[in-house]
Amino acid sequence: MYLNNNRHKIQAITAITTAVLALLWPSFVSAQSLQRLFSTPALRAELDRLRNGSLHPESVTEILTDIAQLPNVTELDNGELEDIIYSVGGAMLRSDGRYTVWINNQSYDQDNLPENIQLLTPFNKGQLRIHDPDSNVSFHLKPGQVLNLTTGQLYESYQYRAVADVVDESEIVREQELPVREEDVQVLIEQAQEIRDITQ
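Numbered according to this note's numbering, the sequence shown terminates at residue 545, and the numbering increases by one at each position without gaps.
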(Lines of atoms letter the chains of each structure in order from A and count residues from 1; the text may use other names and numbers.)
(Lines give C-alpha, C1' and ligand atoms only; values in the text may rest on other atoms or scores of the structure.)
Protein backbone atom coordinates (compact mmCIF):
# COMPACT_ATOMS: atom_id res chain seq x y z
CA MET A 1 0.00 0.00 0.00
CA TYR A 2 2.85 2.36 0.84
CA LEU A 3 4.41 1.64 -2.54
CA ASN A 4 1.15 2.33 -4.32
CA ASN A 5 0.91 5.80 -2.65
CA ASN A 6 4.44 6.70 -3.72
CA ARG A 7 3.69 5.65 -7.27
CA HIS A 8 0.63 7.94 -7.32
CA LYS A 9 2.69 10.81 -5.86
CA ILE A 10 5.38 10.35 -8.52
CA GLN A 11 2.76 10.26 -11.28
CA ALA A 12 1.09 13.40 -9.90
CA ILE A 13 4.41 15.26 -9.64
CA THR A 14 5.33 14.18 -13.18
CA ALA A 15 1.97 15.35 -14.53
CA ILE A 16 2.22 18.72 -12.76
CA THR A 17 5.82 19.25 -13.93
CA THR A 18 4.86 18.38 -17.50
CA ALA A 19 1.92 20.81 -17.41
CA VAL A 20 4.08 23.65 -16.02
CA LEU A 21 6.79 23.04 -18.65
CA ALA A 22 4.18 22.92 -21.42
CA LEU A 23 2.83 26.30 -20.32
CA LEU A 24 6.28 27.89 -20.03
CA TRP A 25 7.84 26.29 -23.12
CA PRO A 26 6.56 28.84 -25.71
CA SER A 27 8.23 31.67 -23.83
CA PHE A 28 11.54 29.78 -23.80
CA VAL A 29 11.55 28.83 -27.46
CA SER A 30 10.40 31.15 -30.20
CA ALA A 31 10.76 30.96 -33.95
CA GLN A 32 13.42 33.64 -33.78
CA SER A 33 15.63 31.64 -31.43
CA LEU A 34 15.19 28.49 -33.51
CA GLN A 35 16.15 30.45 -36.62
CA ARG A 36 19.28 31.64 -34.93
CA LEU A 37 20.07 28.16 -33.73
CA PHE A 38 20.10 26.69 -37.25
CA SER A 39 21.84 29.43 -39.23
CA THR A 40 25.28 30.99 -39.44
CA PRO A 41 25.95 34.52 -38.13
CA ALA A 42 26.51 35.79 -41.69
CA LEU A 43 23.22 34.32 -42.87
CA ARG A 44 21.40 35.77 -39.85
CA ALA A 45 22.84 39.23 -40.58
CA GLU A 46 21.75 39.01 -44.23
CA LEU A 47 18.26 37.83 -43.27
CA ASP A 48 17.92 40.63 -40.71
CA ARG A 49 19.07 43.17 -43.31
CA LEU A 50 16.51 41.90 -45.83
CA ARG A 51 13.77 41.69 -43.21
CA ASN A 52 14.34 45.30 -42.15
CA GLY A 53 14.23 46.42 -45.78
CA SER A 54 17.62 48.06 -45.91
CA LEU A 55 18.94 47.86 -49.46
CA HIS A 56 22.44 48.81 -50.45
CA PRO A 57 22.89 50.98 -53.56
CA GLU A 58 24.58 48.03 -55.30
CA SER A 59 21.48 45.84 -54.90
CA VAL A 60 19.19 48.63 -56.17
CA THR A 61 21.39 48.97 -59.26
CA GLU A 62 21.31 45.21 -59.69
CA ILE A 63 17.50 45.16 -59.52
CA LEU A 64 17.21 47.98 -62.06
CA THR A 65 19.64 46.17 -64.36
CA ASP A 66 17.57 42.99 -64.11
CA ILE A 67 14.39 44.86 -65.01
CA ALA A 68 16.13 46.47 -67.98
CA GLN A 69 17.08 43.00 -69.24
CA LEU A 70 13.48 41.93 -69.83
CA PRO A 71 12.96 40.72 -73.35
CA ASN A 72 12.19 43.24 -76.03
CA VAL A 73 11.71 42.87 -79.74
CA THR A 74 14.98 42.49 -81.58
CA GLU A 75 15.58 41.71 -85.19
CA LEU A 76 17.49 38.55 -85.99
CA ASP A 77 20.16 38.35 -88.69
CA ASN A 78 17.66 36.97 -91.20
CA GLY A 79 15.25 39.91 -90.70
CA GLU A 80 12.71 38.00 -88.60
CA LEU A 81 11.61 39.26 -85.21
CA GLU A 82 12.84 37.36 -82.17
CA ASP A 83 10.07 35.81 -80.08
CA ILE A 84 9.21 37.58 -76.82
CA ILE A 85 8.65 34.90 -74.20
CA TYR A 86 7.13 35.37 -70.75
CA SER A 87 7.22 32.40 -68.38
CA VAL A 88 5.35 32.77 -65.08
CA GLY A 89 7.18 30.64 -62.54
CA GLY A 90 5.05 31.36 -59.49
CA ALA A 91 4.10 33.85 -56.83
CA MET A 92 4.58 34.15 -53.09
CA LEU A 93 2.78 36.18 -50.43
CA ARG A 94 5.37 37.73 -48.13
CA SER A 95 4.90 38.35 -44.42
CA ASP A 96 4.35 42.07 -45.11
CA GLY A 97 1.31 41.27 -47.29
CA ARG A 98 3.03 42.05 -50.59
CA TYR A 99 3.63 39.62 -53.44
CA THR A 100 6.78 38.48 -55.17
CA VAL A 101 6.31 37.10 -58.69
CA TRP A 102 8.75 35.06 -60.78
CA ILE A 103 8.78 35.92 -64.48
CA ASN A 104 11.40 34.31 -66.74
CA ASN A 105 13.17 32.93 -63.63
CA GLN A 106 13.55 36.46 -62.25
CA SER A 107 11.78 37.62 -59.08
CA TYR A 108 9.86 40.90 -59.08
CA ASP A 109 8.18 42.78 -56.26
CA GLN A 110 4.53 43.58 -57.02
CA ASP A 111 5.34 47.29 -57.32
CA ASN A 112 8.36 46.79 -59.60
CA LEU A 113 6.76 44.78 -62.39
CA PRO A 114 7.50 45.80 -65.98
CA GLU A 115 5.01 48.40 -67.22
CA ASN A 116 3.12 45.96 -69.47
CA ILE A 117 2.55 43.43 -66.64
CA GLN A 118 0.14 43.77 -63.73
CA LEU A 119 -1.28 41.57 -60.97
CA LEU A 120 -4.91 40.55 -61.32
CA THR A 121 -6.94 41.12 -58.16
CA PRO A 122 -7.58 39.24 -56.03
CA PHE A 123 -4.12 37.84 -56.53
CA ASN A 124 -4.57 34.70 -54.41
CA LYS A 125 -4.48 32.60 -57.61
CA GLY A 126 -1.27 34.20 -58.83
CA GLN A 127 -2.65 35.49 -62.13
CA LEU A 128 -0.96 38.19 -64.17
CA ARG A 129 -2.14 40.33 -67.07
CA ILE A 130 0.46 40.85 -69.79
CA HIS A 131 -0.41 43.56 -72.29
CA ASP A 132 1.00 43.62 -75.82
CA PRO A 133 1.24 47.32 -76.73
CA ASP A 134 1.74 46.55 -80.44
CA SER A 135 -1.50 44.58 -80.89
CA ASN A 136 -3.31 46.15 -77.88
CA VAL A 137 -4.22 42.63 -76.66
CA SER A 138 -3.97 41.44 -73.05
CA PHE A 139 -3.26 37.90 -71.90
CA HIS A 140 -4.05 36.36 -68.50
CA LEU A 141 -1.36 33.97 -67.27
CA LYS A 142 -1.27 31.65 -64.28
CA PRO A 143 1.85 30.19 -62.66
CA GLY A 144 3.28 27.47 -64.88
CA GLN A 145 2.16 29.07 -68.14
CA VAL A 146 4.34 30.45 -70.92
CA LEU A 147 3.30 33.20 -73.34
CA ASN A 148 4.94 33.80 -76.70
CA LEU A 149 3.95 37.45 -77.01
CA THR A 150 5.17 37.65 -80.60
CA THR A 151 2.79 34.93 -81.84
CA GLY A 152 0.12 35.30 -79.14
CA GLN A 153 0.42 31.59 -78.24
CA LEU A 154 -0.24 30.60 -74.62
CA TYR A 155 1.23 27.29 -73.43
CA GLU A 156 1.44 25.25 -70.28
CA SER A 157 5.14 24.93 -69.40
CA TYR A 158 5.34 21.25 -70.40
CA GLN A 159 3.75 22.05 -73.78
CA TYR A 160 6.16 24.90 -74.40
CA ARG A 161 9.14 22.67 -73.62
CA ALA A 162 7.87 20.16 -76.18
CA VAL A 163 7.50 22.87 -78.85
CA ALA A 164 10.93 24.28 -78.01
CA ASP A 165 12.47 20.80 -78.28
CA VAL A 166 10.99 20.32 -81.76
CA VAL A 167 12.25 23.74 -82.86
CA ASP A 168 15.70 23.03 -81.41
CA GLU A 169 15.89 19.71 -83.27
CA SER A 170 15.01 21.34 -86.58
CA GLU A 171 17.62 24.08 -86.01
CA ILE A 172 20.30 21.49 -85.22
CA VAL A 173 19.51 19.70 -88.46
CA ARG A 174 19.78 22.99 -90.39
CA GLU A 175 23.06 23.93 -88.69
CA GLN A 176 24.67 20.58 -89.46
CA GLU A 177 23.74 20.91 -93.14
CA LEU A 178 23.29 17.18 -93.36
CA PRO A 179 21.19 15.70 -96.09
CA VAL A 180 17.65 15.71 -94.72
CA ARG A 181 14.95 13.40 -95.90
CA GLU A 182 11.65 15.04 -96.69
CA GLU A 183 9.86 12.47 -94.50
CA ASP A 184 11.85 13.54 -91.42
CA VAL A 185 11.02 17.20 -91.99
CA GLN A 186 7.36 16.32 -92.46
CA VAL A 187 7.33 14.36 -89.15
CA LEU A 188 8.81 17.34 -87.30
CA ILE A 189 6.24 19.69 -88.84
CA GLU A 190 3.38 17.36 -87.91
CA GLN A 191 4.64 17.08 -84.33
CA ALA A 192 4.82 20.85 -84.01
CA GLN A 193 1.31 21.22 -85.44
CA GLU A 194 -0.09 18.58 -83.06
CA ILE A 195 1.42 20.38 -80.09
CA ARG A 196 0.03 23.72 -81.27
CA ASP A 197 -3.42 22.16 -81.81
CA ILE A 198 -3.39 20.80 -78.26
CA THR A 199 -2.60 24.22 -76.81
CA GLN A 200 -5.36 26.06 -78.66
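No residue lacks a Cβ here, since even glycine has one placed at the ideal position from N, Cα and C.
Here the structure is a predicted model, which means the values were calculated and not measured.
Cβ neighbour criterion (16 or more within 10 Å) applied to residue i
{"i": "G471", "result": "buried"}
{"i": "V446", "result": "buried"}
{"i": "S368", "result": "Note on residue identity: the sequence assigns Leu, not Ser, to residue 368. Exposed."}
{"i": "A364", "result": "exposed"}
{"i": "A436", "result": "buried"}
{"i": "L473", "result": "buried"}
{"i": "L392", "result": "exposed"}
Straight-line gap, residue i to residue j (C-alpha atoms, nearest Å)
{"i": "P459", "j": "D441", "result": "21 Å"}
{"i": "D477", "j": "L494", "result": "7 Å"}
{"i": "N351", "j": "I358", "result": "10 Å"}
{"i": "G489", "j": "L465", "result": "16 Å"}
{"i": "D428", "j": "N450", "result": "17 Å"}
{"i": "P566", "j": "Q531", "result": "Residue 566 falls outside the range modelled here, since the chain spans only 346 to 545, and no answer is possible."}
{"i": "I355", "j": "N397", "result": "49 Å"}
{"i": "L533", "j": "F484", "result": "28 Å"}
Contact belief for residue i with residue j at Cβ below 8 Å, rounded distance in angstroms
{"i": "I430", "j": "V491", "result": "6 Å"}
{"i": "Q498", "j": "I540", "result": "Not quite, the Cβ-Cβ distance comes to about 10 Å (not below 8 Å), so this is no contact."}
{"i": "S480", "j": "S432", "result": "Not really, about 20 Å apart at Cβ, beyond 8 Å."}
{"i": "N461", "j": "I448", "result": "The pair is not a contact, with the Cβ atoms about 11 Å apart (cut-off 8 Å)."}
Close-in-space but distant-in-sequence residues of the same chain around residue i (CB under 7 Å, 5 per side omitted)
{"i": "L438", "result": "Y444"}
Close beta carbons around residue i, own chain, < 6 Å, minus the five adjacent residues each side
{"i": "A507", "result": "I540"}
Delimiting residues of the alpha helix (DSSP H) encompassing residue i
{"i": "L392", "result": "386-396"}
Bounding residues of the beta strand (DSSP E) (the contiguous stretch that carries residue i)
{"i": "Q472", "result": "Taken as a continuous stretch (DSSP letters only), Q472 belongs to no beta strand (DSSP E), as it is neither H nor E."}
{"i": "E501", "result": "498-501"}
{"i": "N450", "result": "That residue, N450, is in no beta strand (DSSP E); it is neither H nor E in DSSP."}
{"i": "L486", "result": "482-486"}
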